[in-house]
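A.B. asks:
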Amino acid sequence: GWTIVGVTLLQARPLQCYKCWHFGHIKDTCRSKVDRSKCCYQCGDEGHTARTCNNTVKCAICTDLGKDNTHRVGSTRC
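Below, the structure is given as structure tokens:
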């Protein structure tokens with residue numbers, strides 16, 4: 001038989017670089033000397049992943065910019 005489902009479109013998000021984590025460009029065009037490709041998205045530290053992170057949530061991008069950093073990278077608060 002047929003099934004009816006509701007569909008909700010996701011909000012458009014800007015490009016985000018997987019090297020430096022900043023918005024507006026991608027890794028291939030990144031000019032940053034910062035390489036966060038091996039860092040945790042939850043706290044910004046190296047050596048573990050967000051899945052196993054027990055550290056306080058801290059956005060590395062907003063920390064760099066001197067903004068409120070009490071959220072994870074990629075949050076709508078960035």
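The sequence shown begins at 1 in full-length UniProt numbering and counts up by one. In this text, a Cβ means the ideal position worked out from N, Cα and C, and glycines have one as well.
#1: Short of 7 Å in beta carbon distance, which residues of its chain neighbour Cys43, apart from the five on each side in sequence? Order them along the chain.
#2: Go to Asp64, then tell me how far its alpha helix (DSSP H) extends in each direction, as first and last residue.
#3: Any chance you could list the beta strand (DSSP E) runs of at least 3 consecutive residues sitting entirely within the segment 32-59, in chain order?
#4: By the 10 Å Cβ neighbour count, where 16 or more other Cβ atoms means buried, how is Ile4 classified, buried or exposed?
#5: Just tell me which of Gln11, Trp2, Cys20 and Leu15 has its CA closest to the CA of Ile61.
#6: Should Leu10 and Phe23 be called a contact, given that it needs their Cβ atoms to be closer than 9 Å?
#7: Which residue's Cα is closest to the Cα of residue 82: Cys30, Arg31 and Arg51?
C.D. replies: Short version:
#1: Cys53, Asn55, Thr56, Val57 and Lys58
#2: Ala60 to Leu65
#3: none
#4: exposed
#5: Cys20
#6: no
#7: Residue coverage of the chain in this structure runs from 1 to 78, which leaves residue 82 outside it and unanswerable.
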